[in-house]
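In the numbering used here, the protein residues as written are 79 to 214.
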């Protein structure tokens with residue numbers, strides 16, 4: 079769980095606040111805090127789903143194809159399913175907006191493969207279940 083989400087739990091001492099969903103806690107954050115918190119959560123969930131190191135996903139340089147592909151899926155889902163702009167996704171992932179654009183194009187092109195599409199759809203469901211949909 080990201081630091082911003084943990085801080086929200088710690089600063090609100092009542093038990094109702096602790097029982098809130100991560101999506102509800104995210105809504106209480108300022109926009110400047112929300113984007114990095116969402117991206118951190120997406121990276122952590124993607125790392126667990128695909129059995130890849132979160133550290134590798136956050137690494138600023140080039141990575142192996144398998145790590146890059148997981149990062150691309152995570153960026154795509156963050157933009158498409160969670161509704162962050164490409165600029166916001168780029169900032170949250172430590173990448174340029176054009177890198178996010180490239181990732182989205184790559185994943186969209188690969189979704190023609192039924193098996194790959196199923197993996198991306200499952201990732202979208204997991205992320206939206208964990209973090210909520212935009213506007214919720």
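For each residue, glycine too, the CB sits at the ideal point set by N, CA and C. Values in this document were obtained by computation on a predicted structure and should not be read as measured data.
For the set 128, 168, 151, the Cα lying nearest the Cα of residue 138 is the one of 168. The Cβ-Cβ distance between residue 135 and residue 148 falls below 8 Å. Separation of residue 103 and residue 173 (C-alpha to C-alpha, rounded to the nearest whole angstrom) is 25 Å. Assignment of residue 119 by DSSP, reduced to helix, strand and coil, places it in the helix class.
In the displayed model, residue 137 falls within coil according to three-state DSSP, outside both helix and strand. Spanning the alpha carbons of residue 164 and residue 177 requires a straight line of approximately 9 Å.
With 16 or more other CB atoms across the displayed protein chains lying within 10 angstroms of its CB, residue 150 is buried.
Rounded to the nearest whole angstrom, the CA to CA distance from residue 152 to residue 101 is 17 Å.
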